[in-house]
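Peer 1: Can you read through this structure? Questions will come right after.
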Amino acid sequence: MEKKQSRESWSSNFGFMMAAIGSAVGLGNLWGFPYKMGANGGFAFLVLYLLLVVFAGYILVMTELSLGRATQRSIIPAYRVASDGKVTFIGILSALAPFFILGFYCYLGGYAVKYTIANLGDIFNAGFGVNGLDGTSFFVALYENQWMSAAYTAVFMLATIIIVSRGVGEGIEKFNKVAMPGLFIVLLIVVVRSCTLPGAGAGVAFMLKPDLTVFQGGGWVHVLASAGGQMFFSVSLGMGILVTYGSYMQKTDDIAKSGMMIPLADTVIALLAGLAIMPAVFAFGMEPAAGPGLLFMTLQNVFNSMGGAGAFFGFLFYLLVSIAALTSSMSVLEAIISSFIDSGIESGKGNQRKKIAWIAGAMTFVMGMIVAFDGLGTYLPPMFGRFCWLDGFDLLAEGVLMPVAAFCTVIYFGWFKKGFLQAEIKSSSAFATEKFYTVCLRYVAPVFCFFILLGQLDSFFGFGWF
Ligand code: PFF
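Each residue of the sequence shown is one higher than the one before, counting from 4 in my numbering.
Written out as structure tokens, the structure is:
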């Protein structure tokens with residue numbers, strides 16, 4: 004028997020903020036941002052990214068949070084209630100994306116756990132350590148070992164389910180309130196170590212040096228698409244997570260302030276992640292890579308090259324990655340289950356959180372297993388005839404569902420349900436930015452979301468549009 008019969012909420016604004024920032028800060032910050040910034044114009048990319056954060060990220064964060072809080076419902080019922088059933092389909096689109104994301108996110112989170120344990124093993128010279136194997140061989144051996152990959156995916160998914168099944172305040176909030184400040188401290192330690200290595204300056208230069216040549220010709224469109232896609236994923240937009248988290252906010256919480264803090268904190272941590280990673284990569288004369296290659300191959304080589312202290316810093320770093328991934332994956336699972344919890348409550352069955360968390364967890368577990376057994380395209384036939392299953396799931400979520408859902412959301416609330424969200428924000432905030440918000444919601448954010456959709460499709464299919 005479940006004890007709680009009604010909807011849950013955050014126990015404090017601090018707890019909510021830690022959970023929302025925990026959702027935003029994840030693998031996207033650690034492997035996406037530093038590399039993309041370095042490869043796309045450094046400081047120039049940063050300026051563009053910040054503009055996107057202000058003109059679109061901030062707008063979408065405010066939109067999702069206020070929709071959740073106004074309706075006190077999670078994704079699907081939130082859209083249904085706010086539109087009297089007219090745009091429930093947007094809720095359904097948003098709610099599908101987390102299934103795909105969670106499938107591959109838990110697989111990668113599982114790898115972060117594996118690397119944490121392996122580096123811990125190295126500290127004690129244990130048999131389960133990396134044992135000097137180079138990063139690439141270690142990574143290839145891991146993804147070619149389907150059962151090992153499946154086991155770590157399962158461990159990570161279990162951790163996600165257990166925390167989420169404990170509840171909003173008792174599970175997600177409690178974990179984030181400890182994990183996020185902890186993550187920040189560990190990140191600062193790694194930044195200091197990385198930036199004080201001899202030769203670290205080249206990494207800082209790679210990230211920050213303003214290179215305007217990338218904007219020449221049509222180049223700026225490409226940079227804009229890359230920065231936009233990155234921001235979308237990094238701030239966790241377009242899949243109802245912030246609608247869900249907003250629905251647990253207190254009616255007195257300041258949405259306008261939270262709406263600024265979440266993307267700001269996410270960006271600061273992404274920059275710090277860059278300062279933790281790039282100086283070390285360059286100090287050891289390595290080439291920065293994109294995506295999983297940076298995290299699981301290049302960086303392991305860095306730790307291997309650091310001598311005695313390498314295992315310790317490797318352990319700290321991968322622990323940080325594991326925690327960042329876990330606080331993100333729990334938000335994704337919460338977004339999936341909260342609609343079902345709400346409909347249980349509405350139909351008088353009470354809050355069936357535990358049961359629903361385990362059932363939804365089991366469903367996404369199947370997705371995770373497909374990714375694990377595919378071995379990054381080694382074993383299963385390609386999805387849509389051309390993608391490994393990880394990329395295929397990513398395409399469906401990040402490339403299609405998220406930008407389409409966000410586009411429809413800003414169109415509906417900007418043009419058809421005018422003033423609805425603004426009223427909710429004003430009910431508890433001074434909302435000095437109301438005019439700015441409204442103009443961006445109507446004119447800037449739709450263009451931006453449409454553009455992201457094109458940019459994503461282009462980068463997945465290589466159409467060469469940009
Ligand atoms: N924002 C997370 C990251 O940067 O890794 C990942 C993520 C979480 C993406 C939740 C999307 C999402 F809905």
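Note that CB positions come from ideal geometry on N, CA and C, so glycine has one too.
Note that the coordinates shown come from a computational prediction; the quantities given were computed from them, not determined experimentally.
Quick check: the Cα distance between Leu55 and Gly277, rounded to an integer number of angstroms?
Peer 2: So the two alpha carbons sit approximately 19 Å from each other.
Peer 1: Thinking C-beta only, is Ala338 closer than 8 Å to Gly29?
Peer 2: Going by C-beta atoms, Gly29 is not nearer than 8 Å to Ala338.
Peer 1: Indicate whether Ile265 and Ser334 have their beta-carbon atoms separated by less than 8 Å.
Peer 2: No, these two residues do not count as a Cβ contact at 8 Å.
Peer 1: Cβ-heavy atom distance between Ala27 and the ligand PFF below 7 Å?
Peer 2: Yes, the beta carbon of Ala27 sits closer than 7 Å to at least one heavy atom of the ligand PFF.
Peer 1: Run through the DSSP bridge pairs and tell me what Phe390 is partnered with.
Peer 2: For Phe390, which the question treats as bridged, DSSP gives the partners Met386.
Peer 1: Thinking C-alpha only, which one of Val374, Gln253 and Ile165 is nearest Phe178?
Peer 2: Per the Cα distances, Ile165.
Peer 1: Tell me the start and end of each unbroken alpha helix (DSSP H) in the region 351-382 that is at least 4 residues and wholly inside, in chain order.
Peer 2: Within the region 351-382, the complete alpha helix (DSSP H) runs of at least 4 residues are 356-377.
Peer 1: Keeping to the same chain, check which residues put their C-beta closer than 7 Å to that of Leu211; ignore five residues upstream and five downstream.
Peer 2: So the list reads Gly45 and Phe46, once near-sequence residues are dropped.
Peer 1: Out of Thr74, Thr412, Lys438 and Ser229, state which residue places its alpha-carbon closest to the alpha-carbon of Ala293.
Peer 2: Per the Cα distances, Ser229.
Peer 1: Confirm, please, whether the CB-CB distance from Ala283 to Gly206 is below 8 Å.
Peer 2: Result yes, Cβ atoms of Gly206 and Ala283 sit closer than 8 Å.
Peer 1: Buried or exposed: which applies to Gln233, given that a residue is buried once 16 or more other Cβ atoms fall within 10 Å of its Cβ?
Peer 2: Looking at its Cβ environment, which holds 16 or more other Cβ atoms inside 10 Å, Gln233 is buried.
Peer 1: Let's see if you can read the secondary structure: which residues bound the alpha helix (DSSP H) around Met289?
Peer 2: Careful: Met289 lies outside any alpha helix (DSSP H) and carries neither H nor E.
Peer 1: The alpha helix (DSSP H) spanning Trp223 covers which residue range?
Peer 2: Gly222 to Ser237 is the span of the alpha helix (DSSP H), which, as asked, contains Trp223.
Peer 1: Helix, strand or coil: which one does DSSP assign to Ala426?
Peer 2: Helix, per DSSP.
Peer 1: Let me check you understand the geometry: is the CB of Ser14 closer than 7 Å to at least one non-hydrogen atom of the ligand PFF?
Peer 2: No.
Peer 1: Below 8 Å on the Cβ atoms is my contact criterion, and I expect Leu111 with Pro295 to pass it. Report the Cβ-Cβ distance as a whole number of Å.
Peer 2: Their Cβ separation, rounded to whole angstroms, is 7 Å, which keeps Leu111 and Pro295 in contact under 8 Å.
Peer 1: In whole angstroms, what is the alpha-carbon distance linking Glu67 and Ile428?
Peer 2: In a straight line, the C-alpha of Glu67 is about 11 Å away from that of Ile428.
Peer 1: Taking the beta carbon of Arg389 as the centre, do at least 16 other beta carbons fall within 10 Å, making it buried, or is it exposed?
Peer 2: Classification of Arg389: exposed, given that the 10 Å Cβ count is below 16.
Peer 1: Is the beta carbon of Val116 less than 8 Å from the beta carbon of Leu319?
Peer 2: No, these two residues do not count as a Cβ contact at 8 Å.
Peer 1: Can you list, in chain order, the residues of its chain with a C-beta nearer than 6 Å to that of Asp214? Leave out the 5 residues immediately preceding and following it.
Peer 2: These residues qualify, in order along the chain: Gly44 and Gly45.
Peer 1: I'd like the list of long-range same chain contacts for Gly222, defined as Cβ closer than 8 Å, with 5 residues on each side in sequence excluded.
Peer 2: For Gly222, where only same-chain residues beyond five positions count, the Cβ hits under 8 Å are Thr216.
Peer 1: Does DSSP classify Pro201 as helix, strand or coil?
Peer 2: DSSP places Pro201 in coil when its eight states are reduced to three.
Peer 1: Could you give the distance in angstroms between the alpha-carbon of Ile175 and the alpha-carbon of Phe187?
Peer 2: So the alpha carbons of these two residues sit roughly 18 Å apart.
Peer 1: For Thr119, which of helix, strand or coil comes out of DSSP?
Peer 2: Three-state result, Thr119: helix.
Peer 1: Is any non-hydrogen atom of the ligand PFF found closer than 7 Å to the C-beta of Val84, if you look at the structure I gave you?
Peer 2: No; taking the cut-off as 7 Å, the Cβ of Val84 has no heavy atom of the ligand PFF nearer than that.
Peer 1: Within the same chain, show all residues whose beta-carbon is closer than 8 Å to that of Met289, passing over the 5 residues directly before and after it, in chain order.
Peer 2: Counting only Cβ-Cβ distances below 8 Å, and skipping sequence neighbours, we find Thr301, Asn304 and Val305.
Peer 1: Where does Ile79 land, buried or exposed, given buried means 16+ other C-beta within 10 angstroms?
Peer 2: Burial call: buried.
Peer 1: From this set, Tyr108, Phe48, Arg76 and Gly465, which residue's C-alpha is nearest Ser239's C-alpha?
Peer 2: Answer by Cα proximity: Tyr108.
Peer 1: Return yes when the C-beta of Met242 is under 7 Å from any heavy atom of the ligand PFF, and no when it is not.
Peer 2: Yes, the beta carbon of Met242 sits closer than 7 Å to at least one heavy atom of the ligand PFF.
Peer 1: Is Asn32 near the ligand PFF, going by C-beta to nearest heavy atom under 7 Å?
Peer 2: Yes; taking the cut-off as 7 Å, the Cβ of Asn32 has a heavy atom of the ligand PFF nearer than that.
Peer 1: Does DSSP put Phe127 in a helix, a strand or coil?
Peer 2: Three-state result, Phe127: coil.
Peer 1: Just verifying my parser: in three-state terms, what is the DSSP assignment at Glu349?
Peer 2: Glu349 falls in the helix class under three-state DSSP.
Peer 1: Cβ of Tyr82 within 8 Å of Cβ of Gly71?
Peer 2: Against a cut-off of 8 Å, the Cβ pair of Gly71 and Tyr82 comes out as no contact.
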